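Here the structure comes first, spelled out in structure tokens, and everything after it is commentary.
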Ligand SMILES: C[S@@+](CC[C@H](N)C(=O)[O-])C[C@H]1O[C@@H](n2cnc3c(N)ncnc32)[C@H](O)[C@@H]1O
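Residue numbers (the working numbering): 2 to 325.
Below is the structure:
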């Protein structure tokens, strides 16, 4: 799953070849909104290098450790790669100075979001993402973010916890687990990923796999800590608006909640609005703004999944903004 980079472990990019070949069509600005260790960015830069014309890659991540790792990986590309710390929901604001400066006169031809956490984040116990590695209950992708998993686990009321586990974890036993969490914290705060895992394991019905429940509960907490779904909706809208006509938007998602949002957004941009049924219109009220580059999502093949288990749940969707 991870590769050794110098003395640092990092993340093998998922569906890297398909993503880069579907995204890169012509020179221009390409934004990698989820830079991580820079694996996808490296593949994009290699392809851009083979095109005639000037290109620039803008890599964004909210995690300062990711920027450090990506900076090393992309150092051979010098000022062709501009790496920025920030949330991809702020893509317009982050891009503005680039367009006024080194990217002046270039069109934004591609935008990539490879959602979720990196293997590096999961595998670093102190970041608190994993139930397999004991660490503080943190789960912030932005290490300076305002809310930690510990705040949620120790402060949310039982009902709010149950709702969270149902909604973001799609966990059928959300109520039972919320009750167990609230009962465990009467003895003292739950402060580590290991302690929480033990509470969840004990609350899990015997016939169910605790691993699946654990991953659903940890997913729910991570989504809440990082406001992942709210941020995604904003990023889709703003990301699409910064693309130039002919530019492409690729998103890789890893669970059904994310994928549903992406699919719905892409479909809405690819459909013309003809108003209520039966209106005698010659032209749509709003024409389609984009077209699907691939009709269905792309998924990883067996070989990639065997090499990189994280690829198992990945779905890549790509649209292209129409030239008007
Ligand atoms: C799945 S990893 C990306 C890995 C990357 N494609 C690579 O090849 O190494 C997701 C990265 O996106 C970052 N991230 C997630 N949500 C973000 C957001 N809202 N704004 C900025 N970065 C975000 C995470 O910190 C993480 O480093």
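C-beta: ideal position from N, C-alpha, C; glycine also. Note that the coordinates shown come from a computational prediction; the quantities given were computed from them, not determined experimentally.
If I'm right that residue i touches residue j with Cβ under 8 Å, what's the distance once you round it to whole angstroms?
i           : j           : result
residue 218 : residue 279 : Contact doesn't hold; Cβ gap of about 48 Å is too wide.
residue 154 : residue 96  : Not really, about 36 Å apart at Cβ, beyond 8 Å.
residue 150 : residue 222 : 5 Å
residue 98  : residue 55  : With 8 Å as the limit, residue 98 and residue 55 do not qualify as a contact, their Cβ atoms being about 18 Å apart.
residue 232 : residue 90  : 4 Å
residue 224 : residue 316 : Incorrect: roughly 17 Å between the Cβ atoms, too far for contact.
residue 129 : residue 116 : The pair is not a contact, with the Cβ atoms about 19 Å apart (cut-off 8 Å).
residue 320 : residue 265 : Contact flag wrong, Cβ pair sits at about 12 Å.
residue 323 : residue 292 : 6 Å
Quick one: residues in its chain with C-beta nearer than 8 Å to the C-beta of residue i, no 5 flanking neighbours on either side, listed in chain order?
i           : result
residue 6   : Note on residue 6: pLDDT 40, under 50, position unreliable in the model; no value is reported.
residue 131 : 123, 124, 194 and 219
residue 92  : 32, 34, 61, 112, 236, 239, 240 and 243
residue 314 : 255 and 256
residue 36  : 42, 60, 61, 62, 67, 68, 71 and 84
residue 191 : 138, 151, 154, 155, 182, 185, 197 and 200
residue 216 : 132
residue 118 : 130, 142 and 223
Counting C-beta neighbours from all protein chains within 10 Å, is the total for residue i 16 or more, i.e. buried, or is it exposed?
i           : result
residue 77  : exposed
residue 268 : exposed
residue 325 : exposed
residue 187 : exposed
residue 212 : exposed
residue 127 : exposed
residue 135 : exposed
residue 172 : buried
residue 249 : buried
residue 318 : buried
residue 40  : buried
residue 52  : exposed
residue 50  : exposed
residue 17  : buried
residue 8   : Low confidence applies to residue 8: its pLDDT is 36, below 50, so where it sits in the model is not reliable, and the reading given next is rough at best. It is exposed - the Cβ of residue 8 has fewer than 16 other Cβ atoms within 10 Å.
Going straight from the alpha carbon of residue i to that of residue j, what length do you get?
i           : j           : result
residue 202 : residue 14  : 31 Å
residue 302 : residue 85  : 32 Å
residue 109 : residue 205 : 48 Å
residue 168 : residue 80  : 43 Å
residue 298 : residue 104 : 31 Å
residue 251 : residue 114 : 6 Å
residue 143 : residue 44  : 25 Å
residue 24  : residue 226 : 30 Å
residue 157 : residue 141 : 17 Å
residue 290 : residue 275 : 14 Å
residue 152 : residue 199 : 18 Å
residue 197 : residue 177 : 14 Å
residue 229 : residue 88  : 11 Å
residue 148 : residue 83  : 28 Å
residue 174 : residue 208 : 12 Å
residue 30  : residue 189 : 51 Å
residue 146 : residue 214 : 26 Å
residue 26  : residue 100 : 20 Å
residue 57  : residue 286 : 36 Å
residue 94  : residue 260 : 25 Å
residue 210 : residue 106 : 55 Å
residue 296 : residue 281 : 29 Å
Using a Cβ-Cβ cut-off of 7 Å (strictly less than) and excluding sequence neighbours within five positions of residue i, which residues of its own chain qualify?
i           : result
residue 179 : 159, 162, 163 and 166
residue 234 : 262
residue 288 : 273
residue 19  : 299 and 317
Considering only residues of the same chain and omitting the five flanking positions on each side of residue i, which have a CB-CB separation below 6 Å?
i           : result
residue 183 : 159
residue 21  : 44, 45 and 48
residue 312 : 15, 301, 305 and 306
residue 181 : 200 and 204
residue 245 : 108 and 109
residue 64  : 142
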